[in-house]
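Beneath this line is the structure, given in structure tokens, with notes to follow.
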Amino acid sequence: MIASRGGSAGTYRVAAFPSIARTGLADFSGHDWVVPHAAWSCHEMVQRACGVAGFAPRSVAEATDFSVILALVGAGVGVALVPELTVGQLPDSVTLHPLENPVYRLDFVVVRQSLNADPGIGRLRDLFATSAGRVAMRGIPTNSGTQE
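Residues 1 to 148 (UniProt numbering) are what the sequence shown spells out, left to right.
The following block contains the structure:
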């Protein structure tokens with residue numbers, strides 16, 4: 001999701017508003033960007049997503065916390081690409097724009113067969129499968145299968 005300054009305030013969930021118009025990353029190519037810190041994998045995701053959209057983001061600020069990124073967006077510093085999970089309560093001056101082509105990542109979990117019976121590993125596998133199911137309900141491709 002793209003966070004920008006302006007518009008309505010409050011909590012926003014894409015799943016709750018499926019009819020809201022979606023936008024492309026390229027629509028924000030001329031803006032200044034607030035990005036995650038370069039040491040984060042999210043930073044690389046922003047760089048790649050913008051690259052696929054045909055531009056390099058003009059990074060004017062970095063932060064290590066998405067609430068700080070959203071506050072900087074709200075202050076007018078720039079726009080940001082943020083995960084939906086980070087936007088439970090938006091600053092009043094921030095609007096979210098769902099993307100035409102959502103950005104996502106794949107997480108793989110590999111466990112030695114000898115640990116397969118471990119209850120903690122089983123719980124973690126169940127949590128990943130549940131999370132993948134929620135993503136699949138929004139139309140994002142997943143592969144949540146497990147191999148024994």
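In this text, a Cβ means the ideal position worked out from N, Cα and C, and glycines have one as well. Remember, it's a predicted structure, so these values are computed and weren't measured experimentally.
| said: Would you call the stretch 88 to 98 in contact with the stretch 46 to 54, where contact means no fewer than 3 C-beta pairs closer than 8 Å? | reply: No contact exists between the stretch 88 to 98 and the stretch 46 to 54.
| task | Name the two residues that bound the continuous alpha helix (DSSP H) containing residue 46. | result | For the purposes of this step, residue 46 is taken as residue 46 along the sequence shown, with counting starting at 1. Counted as a single uninterrupted DSSP element, the alpha helix (DSSP H) harbouring residue 46 occupies residues 41 to 52.
| Coil, strand or helix - residue 36 by DSSP | Your numbering for residue 36 matches position 36 in the sequence shown. In the three-state DSSP reduction, residue 36 falls in the strand class (E or B).
| message | Using a Cβ-Cβ cutoff of less than 6 Å, which residues in the same chain neighbour residue 66 once the five nearest sequence positions on both sides are dropped? | response | The residue labelled residue 66 in the question sits at position 66 within the sequence shown. Closer than 6 Å at the Cβ level, and outside the excluded window around residue 66, lie 82 and 86.
| said: Please classify residue 25 as buried or exposed, where buried requires at least 16 other C-beta atoms within 10 Å of its C-beta. | reply: Indexing the sequence shown from 1 puts residue 25 at position 25. Burial of residue 25 is indicated by the presence of at least 16 other C-beta atoms within 10 angstroms of its C-beta.
| Leaving out five residues before and five after residue 28 in sequence, what residues of the same chain have Cβ atoms less than 7 Å from its Cβ? | Residue 28 sits at position 28 when you count from the first residue of the sequence shown. If you ignore the 5 residues before and after residue 28, its C-beta comes within less than 7 Å of the C-beta of 2 and 79, all in its own chain and listed in chain order.
| field | residue 37 versus residue 127: straight-line alpha-carbon distance, rounded | value | Start at 1 with the first residue of the sequence shown, and residue 37 comes out as number 37. Start at 1 with the first residue of the sequence shown, and residue 127 comes out as number 127. Answer to the nearest angstrom: the Cα atoms are 27 Å apart.
| field | Neighbourhood of residue 5 by C-beta distance below 7 Å, restricted to the same chain and skipping five residues each side | value | Here residue 5 refers to the residue found at position 5 of the sequence shown. Residues 73, 74, 76, 93 and 94 of the same chain have their beta carbon placed closer than 7 Å to that of residue 5, with the five preceding and five following residues left out of the count.
| field | First through last residue of the alpha helix (DSSP H) which encompasses residue 68 | value | Counted from its first residue, the sequence shown places residue 68 at position 68. Secondary structure note for residue 68: its alpha helix (DSSP H) is the uninterrupted segment 66 to 74.
| said: Taking 8 Å as the threshold (C-beta atoms), are residue 84 and residue 23 in contact? | reply: For the purposes of this step, residue 23 is taken as the residue at position 23 of the sequence shown. For the purposes of this step, residue 84 is taken as the residue at position 84 of the sequence shown. Judged by beta-carbon spacing, residue 84 lies beyond the 8 Å limit of residue 23, meaning their Cβ atoms are not closer than that value.
| query | Hey, how far is the Cα of residue 71 from the Cα of residue 61? | reply | Numbered from 1 along the sequence shown, position 71 holds the residue referred to as residue 71. Numbered from 1 along the sequence shown, position 61 holds the residue referred to as residue 61. One C-alpha to the other measures close to 12 Å.
| beta strand (DSSP E) containing residue 94: first to last residue? | Residue numbering aside, residue 94 sits at position 94 when the sequence shown is read from its first letter. Element bounds for residue 94: 94 to 97.
| query | Do you know whose CA, among 114, 112, 31 and 42, lies nearest residue 56's CA? | reply | In the sequence shown, residue 56 corresponds to position 56, counting from 1. Of the candidates 114, 112, 31 and 42, the one whose C-alpha sits nearest the C-alpha of residue 56 is 31.
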